[in-house]
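Enquirer: Residue numbers (the numbering used here): 2 to 691.
Each residue gets a CB set at the ideal place from its N, CA and C atoms; glycine is no exception.
On a predicted model such as this, the values are computed, not experimentally measured, just so you know.
Right, I'll just put the structure down here and ask away after.
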Amino acid sequence: MSRFGGRVREYPSVSIDRFDHDNLRARAYFLSHCHKDHMKGLRAPALKRRLEGSLKVKLYCSPVTKELLLTSRKYKFWENHIVALEVETPTQISLVDETSGEKEDIEVTLLPAGHCPGSVMFLFEGENGTVLYTGDFRLAKGEAARMELLHSGTRVKDIQSVYLDTTFCDPKFYHIPSREECLKGILELVRSWTSLTRYHVVWLNCKAAYGYEYLFINLSEELGIKVHVNKLDMFRNMPEILYHVTRDRHTQIHACRHPRDDDCFRGNRLPCGMTCQNGTPLHIISIKPSTMWFGERIKKTNVIVRTGESTYRACFSFHSSYSEIKDFLSYIRPVNVYPNVLPVGRTEDKVMEILKPLCRSYRRNMEPRYKPLGTLKRAHKRDSSDTDEDDLFDSELISARPKILKQQGEESRLSNTGQSESTEGCKATTTYISPKVDFMDCEESNDDDDDEEEEESEINVVQVLSHEPDATSTSNFDGLTTTDQQESNADIPCWDAFFKCNKPEESSENEENFPSSADAGGSQSLFSDSDGVSDSTHISSQNSSQSTHISEQGSQGWDSQMDTVLITSQERNALDCSCFGKGGSRAAVSILQETTKDSQPDNSRWKPLGQNRCCVKDAEAGTAHAQDVLAEGSDNSRTPDLELRRDSQSSSDFEIPSTPDAEAPQPDKLHCLYKKLAAGENILSMKKVS
DNA sequence: GCGATCAGGT
DNA sequence: CACACCTGATCGC
2 MSRFGGRVRE
12 YPSVSIDRFD
22 HDNLRARAYF
32 LSHCHKDHMK
42 GLRAPALKRR
52 LEGSLKVKLY
62 CSPVTKELLL
72 TSRKYKFWEN
82 HIVALEVETP
92 TQISLVDETS
102 GEKEDIEVTL
112 LPAGHCPGSV
122 MFLFEGENGT
132 VLYTGDFRLA
142 KGEAARMELL
152 HSGTRVKDIQ
162 SVYLDTTFCD
172 PKFYHIPSRE
182 ECLKGILELV
192 RSWTSLTRYH
202 VVWLNCKAAY
212 GYEYLFINLS
222 EELGIKVHVN
232 KLDMFRNMPE
242 ILYHVTRDRH
252 TQIHACRHPR
262 DDDCFRGNRL
272 PCGMTCQNGT
282 PLHIISIKPS
292 TMWFGERIKK
302 TNVIVRTGES
312 TYRACFSFHS
322 SYSEIKDFLS
332 YIRPVNVYPN
342 VLPVGRTEDK
352 VMEILKPLCR
362 SYRRNMEPRY
372 KPLGTLKRAH
382 KRDSSDTDED
392 DLFDSELISA
402 RPKILKQQGE
412 ESRLSNTGQS
422 ESTEGCKATT
432 TYISPKVDFM
442 DCEESNDDDD
452 DEEEEESEIN
462 VVQVLSHEPD
472 ATSTSNFDGL
482 TTTDQQESNA
492 DIPCWDAFFK
502 CNKPEESSEN
512 EENFPSSADA
522 GGSQSLFSDS
532 DGVSDSTHIS
542 SQNSSQSTHI
552 SEQGSQGWDS
562 QMDTVLITSQ
572 ERNALDCSCF
582 GKGGSRAAVS
592 ILQETTKDSQ
602 PDNSRWKPLG
612 QNRCCVKDAE
622 AGTAHAQDVL
632 AEGSDNSRTP
642 DLELRRDSQS
652 SSDFEIPSTP
662 DAEAPQPDKL
672 HCLYKKLAAG
682 ENILSMKKVS
């Protein structure tokens, strides 16, 4: 829950996501997204009165947020005071004090936040420095590096302060499976069930909040089944969403709600009242999206957990994980950071202890540390001509952070016109890879879940749903660690490979083996994969607040990147015979979803950028023509986003350097380094800090 | 009657 | 576990 008071220190005359108390006097308002805890006071009479007496006071938000907000009658009075700003389009705003006439100019840029439809971060630039307010966000590792407007030229902007979504800023939330992984797990479960008969339906037990739309869209696109919802009015001008939801209850996927929907479900009734079709009773399973997290050392990340005879929990997060937060912040490297949220049971001091080391003000006092891997990772994007040896491992070079260039398809889309030029059809890019199902044991997901633990013995009984002949854990182990690159260089440290950013196969491996610079104290790493088997040792540095961590070689390689959906015998039985009377107790882990070695997330359709930018069509493109408009949307705007999502999640971790100040070593320097390494010499480069 | 706040629920 | 939200009780205006 946001505890942000509404104002940033640098620009106290604007209020963001808070509209009560002192915020009533703000010169301008900003709303990052349409969740109630960010709208406190937004419809209060006091603020309403203020608007009535003012021509100048405006509320700035994304086009989608404006649309969603104005759908509610309670916020209609804002209608003439809302200014929708295009995402990624810097805009000058004059902040005028209506009583004194005092004026201050500020430039604001909306950046996609990946939290829910229309959600954005605000980047303010003005006399008091550059400030980033993240609102609520979920950005995958490396996504900050792709944001053109966080950069100036090839470098990250000099950001004074970040007001950060710290919801999961606690090491216990170290890892949350990516959107694609979660989506894929849910997709397979829904697919398995709904394909049995037309009377097998799924109820998505979603909360009353925006943020599940991309799930609906993906399920609908992949399975050709629209999702039944209570309301779709708010999407009337968002054909990309509208097309995939329906008010027609005669569908196999439901996300409808009812005040006592759990009771409905227990009575084999959907919240909308459906209980049978053509006289045939429905077979209903419920899937409840909720956040699942995994500690740093827990490598197996099952995204679906069976919680009962016909109930499942599916991993789904609106917020960035601990490691994503740290990656984000360590890339931005502001002077100051302020947490917007205190994770439950944490104090501000504790959170700051984690965040401060990622800021410049702190780093300046630190000894530079040797971080070869981060350096190497970053190297591929840099023109190394200006790199000298002294700079190589200099963590002080905060200004030398190169941004990640966008992919071509993305370039055109990000041309700030708000329009998309790609002519590729969306189906052309849909290359769903059927999951292979292996025999393997599962590990409990969240360390404190008793239910899973007591059922562990059952988990090992696994039937293969769709068998792949050679798919055993061993072959996976080999397969996942033997990349083309590595095969050809079996005996040499394949660092060369890591200068080339374009091998998605290596992305997750990279994640496993290359400690992010975001690690609180930085870390030294030794790395070898000469036999194709990953192996890594992380030893936290002396002043780290984190405990020493030495990863186990075997599990590290084994579980780091399998593309596996695992279904227990119980589930298979449930799926197969759809009889609910079996005496099976709660099965702990039903579907196990691993980081995919080389999957191209075909179903990565959530487009925080696209939704903010393109979704809201003009009124004339409303409901009546929604379908036609959608077709256009598919052709023109979806594909580039799809490319982006592919790139930015599961296959891009490798590309995205985690060490912001890394530099590209030149080949001769590299050679020198290799030689030193081979000779067992210390290549740590100490640089004097003044 | 309305809003704010809290407790309790999903 | 947590999130975002809802309902209902209570209090104050």
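Identify every residue that forms a DSSP beta bridge with residue 1.
Expert: The structure shown does not extend to residue 1, since the chain spans only 2 to 691, so no value can be given for it.
Enquirer: For the candidate residues 353, 171 and 79, whose alpha-carbon lies nearest to that of residue 345?
Expert: Comparing Cα positions, the closest option is 171.
Enquirer: Hey, residue 165 and residue 158: beta-carbon distance below 8 Å or not?
Expert: Cβ distance not < 8 Å, so residue 165 and residue 158 don't count as in contact.
Enquirer: Whole angstroms is fine: what's the gap from residue 612's alpha carbon to residue 361's?
Expert: Since pLDDT at residue 612 reaches only 41, below the 50 mark, its modelled position is unreliable, and no value is offered.
Enquirer: CB-CB under 7 Å to residue 342, same chain, minus the five flanking residues each way: which ones, in chain order?
Expert: Here the set comprises 2, 3, 4, 166, 167 and 168.
Enquirer: Could you round the C-beta distance between residue 289 and residue 314 to whole angstroms and report it? I think they count as a contact, below 8 Å.
Expert: Residue 289 to residue 314, Cβ: 5 Å. Contact.
Enquirer: Identify the residues that DSSP records as bridge partners of residue 277: which are they?
Expert: For residue 277, which the question treats as bridged, DSSP gives the partners 282.
Enquirer: Which residue or residues does DSSP assign as beta-bridge partners of residue 324?
Expert: Bridge partners of residue 324: none, in fact.
Enquirer: Report, in whole angstroms, the separation of the C-beta atoms of residue 85 and residue 62, which I expect to be a contact under 8 Å.
Expert: Yes, they are in contact, since the Cβ atoms of residue 85 and residue 62 sit about 6 Å apart, within 8 Å.
Enquirer: Between residue 192 and residue 224, is the Cβ-Cβ spacing less than 8 Å?
Expert: Going by C-beta atoms, residue 192 is nearer than 8 Å to residue 224.
Enquirer: Taking residue 181 as the reference, give the member of 296, 19 and 318 with the closest Cα.
Expert: Answer by Cα proximity: 318.
Enquirer: According to DSSP, is residue 54 helix, strand or coil?
Expert: Residue 54: coil per DSSP, three-state reduction.
Enquirer: With three or more beta-carbon pairs closer than 8 Å as the criterion, would you say the stretch 100–114 touches the stretch 201–213?
Expert: Short answer: they don't touch.
Enquirer: For residue 238, count neighbouring C-beta atoms within 10 Å of its own C-beta (all shown protein chains included) and say buried if the count is 16 or more, exposed if not.
Expert: By the 10 Å Cβ count, residue 238 comes out buried.
Enquirer: Exposed or buried, residue 349, counting other C-beta atoms within 10 Å across all chains shown (16 or more means buried)?
Expert: Counting Cβ neighbours within 10 Å, residue 349 comes out exposed, since fewer than 16 surround it.
Enquirer: Quick check on residue 170: does DSSP put it in helix, strand or coil?
Expert: Three-state DSSP puts residue 170 in coil, outside helix and strand.
Enquirer: Compare the beta carbon distance of residue 133 and residue 160 with 8 Å and say whether it is the shorter of the two.
Expert: Yes, Cβ-Cβ distance for residue 133 and residue 160 is below 8 Å.
Enquirer: With burial defined as no fewer than 16 other Cβ atoms inside 10 Å of the residue's Cβ, what is the status of residue 92: buried or exposed?
Expert: So residue 92 counts as exposed.
Enquirer: Looking at the structure shown, is residue 218 part of a helix, part of a strand, or coil, going by DSSP?
Expert: Helix at residue 218.
Enquirer: Just checking, does the stretch 353–360 make contact with the stretch 330–339 on the three C-beta pairs under 8 Å criterion?
Expert: Contact between the stretch 353–360 and the stretch 330–339 is present, because at least three Cβ pairs lie under 8 Å.
Enquirer: Which whole-angstrom value describes the C-beta separation of residue 322 and residue 294, a residue pair presumed to lie in contact below a C-beta threshold of 8 Å?
Expert: Right, the Cβ-Cβ distance comes to about 7 Å (below 8 Å), so this counts as a contact.
Enquirer: Could you check whether the stretch 64–74 touches the stretch 45–56, counting it as contact only if at least three pairs of C-beta atoms, one from each stretch, sit closer than 8 Å?
Expert: Contact between the stretch 64–74 and the stretch 45–56 is absent, because fewer than three Cβ pairs lie under 8 Å.
Enquirer: Would you kindly work out how many angstroms separate the C-alpha atoms of residue 201 and residue 194, rounded to a whole number?
Expert: The straight-line gap from Cα to Cα measures roughly 6 Å.
Enquirer: Distance, Cα to Cα, residue 212 vs residue 162?
Expert: Whole-angstrom Cα-Cα distance: 27 Å.
Enquirer: Taking the straight line between their C-alpha atoms, what separation do you get for residue 90 and residue 227?
Expert: Taking the straight line from one Cα to the other gives about 33 Å.
Enquirer: Assign residue 244 to one of three DSSP states: helix, strand, or coil.
Expert: In this structure, residue 244 counts as coil in the three-state DSSP scheme.
Enquirer: Which same chain residues end up closer than 7 Å to residue 258 when comparing Cβ atoms and leaving out the 5 residues on each side of it in sequence?
Expert: Cβ neighbours of residue 258 beyond the five flanking positions: 209, 231 and 272.
Enquirer: Quick check for students: name the residue ranges of the beta strand (DSSP E) that lie wholly in the stretch 104–156, counting only runs of 3 or more.
Expert: Counting whole runs of 3 or more residues, the stretch 104–156 contains the beta strand (DSSP E) stretches 104–113, 121–127 and 130–134.
Enquirer: Which residues in the same chain have their Cβ closer than 6 Å to the Cβ of residue 256, if we skip the five residues on either side of it in sequence?
Expert: 205, 207, 228 and 230, listed in sequence order.
Enquirer: Going by C-alpha to C-alpha distance, which of 26, 328 and 10 sits closest to residue 101?
Expert: Here the closest residue by C-alpha is 26.
Enquirer: Assuming contact is defined by CB atoms lying nearer than 8 Å, are residue 291 and residue 266 in contact in what I supplied?
Expert: Not in contact: residue 291 and residue 266 (Cβ atoms no closer than 8 Å).
Enquirer: Which residue from 136, 36, 83 and 87 puts its Cα closest to that of residue 8?
Expert: That would be 136, whose Cα lies nearest to the Cα of residue 8.
Enquirer: Using the Cα positions of residue 32 and residue 42, report the straight-line distance between them to the nearest angstrom.
Expert: Going from the Cα of residue 32 to the Cα of residue 42 covers about 12 Å.
Enquirer: Only counting the same chain, and skipping five residues up and downstream in sequence, which positions put a Cβ closer than 7 Å to that of residue 260?
Expert: Cβ neighbours of residue 260 beyond the five flanking positions: none.
Enquirer: Taking Cβ to Cβ, would you say residue 254 is nearer than 8 Å to residue 214?
Expert: It is not a contact, given that the beta carbons lie outside the stated cut-off.
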